[in-house]
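Protein sequence lines correspond, in order, to chains A and B. Quick note: the first sequence, position 58, residue 58 per the working numbering, numbers continuous. One gets the working numbering by counting positions in the second sequence from 1 and adding 306 to each. Below you'll find the structure, written out as structure tokens, and then a few comments.
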Amino acid sequence: MVGGKSPGERLFNLSTFIIMIILMIVTLYPFWFSLISSLNSGADLARGPIFLWPREFSLGSWSAVLSDTGMLKALWVTASRTVIVTVVSILYTAMFAYAFSRSYLKGKKFYIMIGFASMYFSGGIIPSFMLMNWLGLYDNYLVYILPSLFGGFWNVIIFNANYKALPEALFESAKIDGASEFRIFLQIVVPLSKPVLAALAVFTAVNVWNDYGTTLYFTQSNDLQTLQYMILRLIQSNRAVENMMSLQGSNLAVSALLNNTKGQGPVTAQTIELAAMVIASLPMIIMYPFAQRFFVKGVLVGSVKG
Amino acid sequence: MAPRKQKGFKLGYDFRTQFELKVMLWPAVLLIFLFDFTPLFGLLIAFKNYEPIMGVQGIFTSGWNDFQHFIRVFQNFQFWPMVRNTLGINLLGQLIGIPITMLFALFLNEIKHHKFKSLVQTVTYLPHFLSWVIFGGLFITLLNSTGIVNFLLLEFHLIDKPIQFLADPKYFWGVAIGTGLLKDLGWGAILYLAAMAGVDQSLYEAAAIDGAGRFRRMINITIPGIMPTLMVLIIFAVSGMLNNNFTQIFVLQNSLNLPTSQVIDTFVYQTGLLQFQFASATAIGLLKTVFALMLLIGANALSKKITKTGLF
């Protein structure tokens, strides 16, 4: 510890402390507000906003959301694609990076070139749309899976930086013992790379869970909606009501959910929207404090390279 | 890097290991070719008389049209407002966001109480992990005419009638920049904190002995210490100037705030996928990519000249 506890020092500490407390309140309050509002009766909420605690407690909106078939289907689509893409793409990308990191790999320049080109050039949304159509992936569940199976070259760079830190002697002795590359990867590299695997798995899971663009661009059927997309539609239709306009785009699943709630019951379109938002963010909120110690390290590795 | 050539492996073994490595590498190579490189052929339609009804062959069979789409893009009355919105939201956002994030990181770095520091970090990272649908939706609820912000402003007699934050074009930039800042403030600070951890600690001790206070040490030691990081972030900001965050803007956008909320990415989505003007939407997208690439190269060159650091 440097320096003493002069009055100036103390003032500095106190003001830092206060700024941080205010910042935390500003960050957390919107979430608290939406949580208590979604647990409040909708008709009561129409009379005025609540601040700290539900005025008329009601689980109606939560049960309306959790019992809606469209919502459950969306939850299933979102959860299944998140699990599949996270598991497969992280394991595969780690393996790709292992092969890529071997100093004796032939034609390494080719892979570097392809990787960097894939990072900087893209056709954009219309050519991608045409490609999905051509491949028959438009309005197909596989559009959520196939294009995401390779986690991208950015992740390869992060893995690569980690593998470089592993002692070379481990690989050599395994090779002398006759281990194949697959075996070295599975039995030596994977167990030693758990922190970076966890970090990138968290990032991937968050990205996939939060993605609504794929649904927006490449699907149209009600069976393929994701949670985020459904909430987007809820927000848009609620705002359309507020702005006295026609519903933006008809969406069967969303209007079915809202039809049950029109009127001034305990459940209104607004509390439905808030409940859906809270429910959709819960998995991320629950997961991320546990994953934090991994991902901070993961980001730092990425930033050093970047 | 390890030595490139490792002698001592038999030829047969060499073939086997290279074969295994190729089995590990090629699925991704094929995926990159399929999903990243084949769409590049689709860019051809920006230069052609392409109609969606022509299908995939139409990319190659339709005739050239002498840059008509690009000319029409520049003549479109929506084009310049859209470029203004894209640049405005981004540049202003970065101009405000970079110093505030850096200030936040500076103060966070001064907190010596470890538990409190990690609590602040945990809380401020949270919004980064939620989607724009949820974060944007929250603020739409908070900012609407009967929402809590207007309620408080009315209650304290700061305004006479509710402010239409999202239905009035003049507030959109502010809403977009403010929510963008709040969402990634904590996360953005990670890079600065990492840079600060790398500053030589003996400098602080020397300065303290010379009588420099906390504030003085922050300005004269910490800030110069994180300059290279700051420069890299500025390069990213400049090169990303045209890449508006589609996921954010699209959530906050509605037909009433369109004059100030229409950015290049939302326009491409609207004209391309909703109105099926494939060729002109592709032309705008291509223009954007080319300019963004030029900005990246330019910013990098400039940074190398001024500060001797760059991305590549």
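Don't be surprised by glycine CBs; every beta carbon is placed ideally from N, CA and C. These figures come from a predicted structure and were not determined experimentally.
Coarse secondary structure for residue i, derived from DSSP in three states
i: A/Trp53; result: coil
i: B/Lys354; result: strand
i: A/Asn40; result: strand
i: A/Met244; result: With a pLDDT of only 48 at A/Met244, under 50, the local geometry of the prediction cannot be trusted, and the value read off the model is given with reservation. The answer is coil: DSSP assigns A/Met244 none of H, G, I, E or B.
i: B/Leu599; result: helix
i: B/Ala308; result: Its pLDDT being 49, under 50, B/Ala308 is placed unreliably in this model, and the value from its coordinates should be taken loosely. It is coil, neither helix nor strand.
i: A/Gly249; result: Any reading at A/Gly249 needs caution, since the residue's pLDDT is 49, under 50, leaving its predicted position unreliable; the model's value is listed next. The answer is coil: DSSP assigns A/Gly249 none of H, G, I, E or B.
Sub-8 angstroms separation of residue i and residue j beta-carbons
i: B/Phe471; j: B/Leu449; result: yes
i: A/Ser61; j: A/Ser38; result: yes
i: A/Phe33; j: B/Ile454; result: yes
i: A/Leu105; j: A/Ala99; result: yes
i: B/Ile338; j: A/Phe150; result: yes
i: A/Thr268; j: A/Ala46; result: yes
i: A/Leu234; j: A/Ile272; result: yes
i: B/Pro468; j: B/Ser451; result: yes
i: A/Thr309; j: B/Val429; result: An answer regarding residue 309 of chain A cannot be provided, because it is not within the stretch 1 to 306 covered by chain A.
i: A/Tyr144; j: A/Thr69; result: no
i: B/Thr535; j: B/Ala501; result: yes
i: B/Gly519; j: A/Gly8; result: yes
i: B/His545; j: B/Asn391; result: The sequence shown places Ser at residue 545 of chain B, not His. Contact: no.
i: B/Asn620; j: B/Met537; result: A query on residue 620 of chain B cannot be resolved here, the shown segment of chain B reaching from 307 to 618 and no further.
i: B/Thr595; j: A/Gly152; result: no
i: B/Leu499; j: B/Leu425; result: no
i: B/Phe624; j: A/Gly42; result: Because chain B is modelled from 307 through 618, residue 624 of chain B falls outside the range shown and cannot be assessed.
i: A/Ile25; j: A/Pro54; result: no
i: A/Met230; j: A/Met71; result: yes
For residue j and residue i, believed in contact at Cβ under 8 angstroms, the rounded distance
i: B/Val569; j: B/Gly443; result: Incorrect: roughly 19 angstroms between the Cβ atoms, too far for contact.
i: B/Gly486; j: B/Asn551; result: 7 angstroms
i: B/Glu326; j: A/Ser180; result: 6 angstroms
i: A/Leu131; j: B/Pro345; result: 5 angstroms
i: A/Ala309; j: B/Ile440; result: One cannot answer for residue 309 of chain A here, as it falls past the ends of chain A, which runs 1 to 306.
Closest by C-alpha distance to residue i, when choosing among the options
i: B/Leu336; options: A/Asn13, A/Phe182, A/Gly115, A/Gln270; result: A/Gly115
i: B/Leu409; options: B/Ala607, B/Ile612, B/Ile529; result: B/Ile529
i: A/Gly107; options: B/Ala495, B/Gln324, B/Met388; result: B/Gln324
i: B/Gly361; options: A/Pro127, A/Met71, A/Tyr163, A/Pro266; result: A/Pro127
i: B/Asn382; options: B/Gln559, B/Ala589, B/Gln507; result: B/Ala589
i: B/Leu350; options: B/Lys594, B/Pro358, B/Pro333, B/Trp370; result: B/Trp370
i: A/Thr93; options: A/Gln187, A/Thr78, A/Leu200; result: A/Leu200
i: A/Asn155; options: A/Ser89, A/Tyr141, A/Leu274, A/Ala117; result: A/Ser89
i: B/Asn563; options: B/Ala473, B/Phe552, B/Asp466; result: B/Ala473
i: A/Leu224; options: A/Tyr138, A/Lys164, A/Leu186; result: A/Tyr138
i: A/Pro195; options: A/Ile188, A/Ile176, A/Asn162; result: A/Asn162
i: A/Ser67; options: A/Ile18, A/Arg293, A/Ile21, A/Ala276; result: A/Ala276
i: A/Ser221; options: A/Ala291, A/Ala74, A/Ser173, A/Met113; result: A/Ala74
i: B/Ile496; options: B/His419, B/Ala411, B/Phe462, B/Leu488; result: B/Ala411
i: A/Phe110; options: B/Tyr431, B/Trp479, B/Ala334; result: B/Ala334
i: A/Leu14; options: B/Ile603, B/Phe422, B/His463, B/Met537; result: B/Phe422
i: A/Ala165; options: A/Thr86, A/Asn210, A/Leu192; result: A/Leu192
i: A/Ser118; options: B/Tyr477, B/Ile377, B/Asp342; result: B/Asp342
i: A/Tyr141; options: A/Leu23, A/Thr82, A/Val190; result: A/Thr82
Item to check | Residues of the stretch 14-30 of chain A whose Cβ lies closer than 8 angstroms to any Cβ of chain B, in chain order | outcome: Thr16, Phe17, Ile19, Met20, Leu23, Met24, Val26, Thr27, Leu28, Pro30
Checklist entry - Listed from N- to C-terminal order along the chain, which residues in the stretch 506-537 of chain B have their beta-carbon within a distance smaller than 7 angstroms of any beta-carbon of chain A? => result Tyr510, Glu511, Ala514, Gly519, Arg520, Phe521
Checklist entry - Listed from N- to C-terminal order along the chain, which residues in the stretch 416-438 of chain B have their beta-carbon within a distance smaller than 9 angstroms of any beta-carbon of chain A? => result Glu416, Ile417, Lys418, His419, Phe422, Lys423, Ser424, Leu425, Val426, Gln427, Thr428, Val429, Thr430, Tyr431, Leu432, Pro433, His434, Phe435, Leu436, Ser437, Trp438
Item to check | Positions along the stretch 94-118 of chain A whose CB lies within less than 8 angstroms of some CB in chain B | outcome: Met95, Phe96, Tyr98, Ala99, Phe100, Arg102, Ser103, Tyr104, Leu105, Lys106, Tyr111, Ile114, Gly115, Ala117, Ser118
Item to check | Contacting positions in the stretch 191-215 of chain A - beta carbon closer than 7 angstroms to chain B | outcome: Val206, Asn210, Tyr212, Gly213
Checklist entry - Residues in the stretch 215-228 of chain A with C-beta within 7 angstroms of chain B's C-beta atoms, listed in sequence order? => result Tyr217, Gln228
Checklist entry - What residues in the stretch 274-285 of chain A bring their beta carbon closer than 8 angstroms to a beta carbon of chain B? => result Leu274, Met277, Ala280, Ser281, Met284, Ile285
Next on the checklist: What are the residues in the stretch 567-584 of chain B lying within 7 angstroms of chain A by C-beta distance?
Outcome noted: Val574, Tyr575, Gly578, Leu579, Phe584
Next on the checklist: At a CB distance below 7 angstroms, what residues from the stretch 121-133 of chain A approach chain B? Give them in sequence order.
Outcome noted: Phe121, Ser122, Gly123, Gly124, Ile125, Ile126, Pro127, Ser128, Phe129, Met130, Leu131
Checklist entry - Between the stretch 451-464 of chain B and chain A, which residues of the former have a C-beta closer than 8 angstroms to a C-beta of the latter? => result Ser451, Thr452, Gly453, Ile454, Phe457
Next on the checklist: Please list, in chain order, the residues of the stretch 54-68 of chain A that have any C-beta partner in chain B closer than 7 angstroms.
Outcome noted: none
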